[in-house]
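**Student:** Got a structure here, written out as structure tokens. Questions coming.
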Amino acid sequence: MIEELLAPGAVAVESFGDDPGALGDLFPEELLLVEGAQETRRGEFATVRRCAREALGKLGAEPAPILRDPKGAPRWPAGFVGAMTHCEGYRAAVVAPADRIAAIGIDAEPNRPLRSAGVADLVTVEAERAWLPGLAARRPEVHWERLVFSAKESVYKVWYPLTGRWLDFADAEITVDPAWSTFRARLLVPGPVVGGVRLDSFNGSWLVRDGLIVTAITVAAPSAPAG
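If you're matching positions, the sequence shown starts at 34 in the numbering used here and goes up one per residue.
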């Protein structure tokens with residue numbers, strides 16, 4: 034499913050449930066990261082890492098621990114970039130060679146309303162709140178505030194590897210094209226510099242299927258071939 038949203042060069046592996054055997058595949062260093070965690074958390078952690086190792090293997094990488102940096106972001110093997118996501122009923126990992134793609138952001142969410150109006154206000158900016166009611170009236174089968182939340186999660190997963198800095202929900206403004214299932218994230222703070230060019234926005238894609246909202250962004254590496 035998620036591979037439909039990716040640029041050429043990226044490899045995705047997804048699962049619609051936890052693999053009971055995935056815990057046995059974890060490296061000792063990875064097991065330490067979920068020591069004492071609830072069974073559900075251990076299952077999703079192990080399954081998404083199995084997805085990541087399978088995707089890396091398709092690109093020729095040897096199996097290795099996928100640990101976390103001090104801010105919780107995954108540490109990918111040298112020469113690769115990637116992202117992982119998990120929600121109820123879905124786990125996925127996407128990886129790519131770093132000489133083709135500079136950063137990847139993916140996110141999956143249940144196609145359900147956000148928990149409360151307060152959460153929606155926290156996630157959205159004024160410009161988004163202006164267009165959300167119109168789309169909700171025209172396409173009520175999509176929970177658009179949740180889609181904005183997912184898009185901003187994908188934005189952060191692209192932003193952080195390029196900057197090493199936090200990005201708040203209020204630091205990006207999402208506009209959605211419902212006809213083409215794409216979105217644009219305009220950065221409201223100075224963007225990262227990639228190949229000597231400062232980026233002021235990211236372009237992404239989304240889909241809604243099987244009770245899920247899935248979003249993805251890929252940023253091409255400066256030296257990546259066209260097409």
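By construction, the Cβ of each residue, glycine as well, lies at the ideal position given by its N, Cα and C atoms.
In this text, all values refer to a predicted model and were calculated from it rather than measured experimentally.
Write down every uninterrupted run of the alpha helix (DSSP H) in the stretch 117 to 168 whose length is 4 residues or greater and which is fully enclosed by it, in chain order.
**Tutor:** For the stretch 117 to 168, whole alpha helix (DSSP H) runs of length 4 or above, ordered along the chain, are 150 to 156.
**Student:** For V181 versus I139, is the C-beta distance shorter than 8 Å?
**Tutor:** Walking along the sequence shown from the start, residue 181 turns up at place 148. Walking along the sequence shown from the start, residue 139 turns up at place 106. Contact flag unset, no.
**Student:** Could you tell me whether the Cβ atoms of V128 and V44 are closer together than 8 Å?
**Tutor:** Here the question's residue 128 lines up with position 95 in the sequence shown. Here the question's residue 44 lines up with position 11 in the sequence shown. Yes, Cβ-Cβ distance for V128 and V44 is below 8 Å.
**Student:** If you run the structure through DSSP and keep just helix, strand and coil, what is F113?
**Tutor:** To locate residue 113, count along the sequence shown from 1; it is residue 80. Strand at F113.
**Student:** Assign A170 to one of three DSSP states: helix, strand, or coil.
**Tutor:** By 1-based counting over the sequence shown, the position of residue 170 is 137. Here A170 sits in helix by DSSP.
**Student:** Which residue comes first and which comes last in the beta strand (DSSP E) that contains W216?
**Tutor:** Position 183 of the sequence shown holds residue 216. First, the amino acid is wrong: residue 216 is Phe here, not Trp. Its beta strand (DSSP E) spans residues 215 to 220.
**Student:** Can you tell which of L66, E47, A218, D102 has the C-alpha that lies nearest to the C-alpha of A83?
**Tutor:** By one-based count along the sequence shown, residue 83 stands at place 50. The sequence shown places Arg at residue 83, not Ala. Cα-wise, what sits closest to R83 is E47.
**Student:** Excluding the 5 residues flanking L21 on each side, which residues of the same chain have their C-beta closer than 8 Å to its C-beta?
**Tutor:** Summary: the structure shown does not reach residue 21, with the chain confined to residues 34 through 260, and so no result is reported for it.
**Student:** Shorter than 7 Å, the distance from the beta carbon of G54 to the closest heavy atom of the ligand ATP, or not?
**Tutor:** You won't find the ligand ATP in this model; it holds no ligand whatsoever.
**Student:** Per DSSP, what kind of secondary structure is G105 in: helix, strand or coil?
**Tutor:** In the sequence shown, the residue the question calls residue 105 occupies position 72. Looking at G105 - three-state DSSP - the assignment turns out to be coil, as it is neither helix nor strand.
**Student:** Apart from the five residues just before and just after G112, which ones in its own chain have a Cβ nearer than 6 Å to its Cβ?
**Tutor:** On the sequence shown, residue 112 is found 79 positions in, with the first residue counted as 1. Result list for G112: A131, in chain order.
**Student:** Which class does E204 belong to by DSSP, given the choice of helix, strand or coil?
**Tutor:** Indexing the sequence shown from 1 puts residue 204 at position 171. According to the sequence displayed, residue 204 carries Asp and not Glu. Helix, per DSSP.
**Student:** Taking the DSSP output, what are the residues bridged to S187?
**Tutor:** To locate residue 187, count along the sequence shown from 1; it is residue 154. Paired residues: none, contrary to the question.
**Student:** Tell me the residue span of the beta strand (DSSP E) that contains L245.
**Tutor:** Residue mapping note: residue 245 aligns to position 212 of the sequence shown, counting from 1. 245 to 253 is the extent of the beta strand (DSSP E) around L245.
**Student:** Among the residues of its own chain, which have a CB less than 7 Å from the CB of V227, if the five just before and after it don't count?
**Tutor:** The sequence position of residue 227 within the sequence shown is 194, counting from 1. Here the set comprises A135, L195, V252, P255.
**Student:** Does G167 pass the burial test, meaning 16 or more other C-beta atoms within 10 Å, or should it be called exposed?
**Tutor:** Sequence index remark: in the sequence shown, residue 167 carries index 134 (1-based). It counts as exposed.
**Student:** Mapping DSSP to helix, strand and coil, what is D58?
**Tutor:** Locating residue 58 in the sequence shown gives position 25, counting from the first residue. Helix at D58.
**Student:** Around the C-beta of T73, are 16 or more other C-beta atoms found within 10 angstroms, so that it is buried, or is it exposed?
**Tutor:** Position 40 of the sequence shown, counted from the first residue, corresponds to residue 73. Exposed: under 16 other Cβ atoms inside 10 Å.
**Student:** Who are the near neighbours of D52 in its chain, counting only those whose CB is closer than 7 Å to its CB and skipping five residues on each side?
**Tutor:** Here residue 52 refers to the residue found at position 19 when the sequence shown is read from its first residue. If we look at D52 and ignore the five residues flanking it on each side, its Cβ neighbours are T80, R83.
**Student:** If contacts are defined as beta-carbon pairs under 8 Å, then E62 and L100 qualify, I think. What distance do you get, rounded to the angstrom?
**Tutor:** Position 29 of the sequence shown, counting from 1, holds the residue named residue 62. Position 67 of the sequence shown, counting from 1, holds the residue named residue 100. Indeed they touch by this definition, with Cβ atoms about 6 Å apart.
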